[in-house]
Amino acid sequence: MGFKLYLITLMVVLAMVARSSAKVHDASWTLSHFGDHDDESLLDSANSKVGDLIGEENEMMMESESTRRTLRGRGTRYIGYGALRRNAVPCGRRGRSYYNCQGRQRANPYKRGCRYITRCARR
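So the sequence shown is residues -22 to -1, 1 to 101, counted in mature numbering (1 follows the signal peptide of the UniProt record, and there is no 0).
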């Protein structure tokens, strides 16, 4: 009995989804233009690129790959006030991280095992 109820509910939900998706396909897509343009300018605009049609002032408002790249790095990386001081190196010690100058460990220690090819040179 429970399986039949589940099956009937599933069929009703699928019918509702199919009916609602049919409304999306009813839209008619036609070309239209605004203002007074002759037929040649419409043909030119149909064969041109999107960047040519939107204008200079609106070009940077469109999302592009370069804007995604510049916005991706924001928020996690920052420059501290110590790095902005004039004529000062954040950490002058060799092999130390700029952000952990007083630490007793190396910034990037070599963590591979001793192999014949490396001759155990880096321990």
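We treat Cβ as the ideally placed atom computed from N, Cα and C, and that holds for glycine.
Taken atom to atom, the span from the alpha-carbon of L(-18) to that of R(-4) is near 21 Å. In this structure, DSSP gives R(-4) a helical state, which the three-state scheme calls helix. For R72 and C92, the gap between their C-alpha atoms comes out near 24 Å. Taken atom to atom, the span from the alpha-carbon of V(-11) to that of M(-22) is near 17 Å. Just so you know, the alpha carbons of T(-14) and V(-6) end up roughly 12 Å apart.
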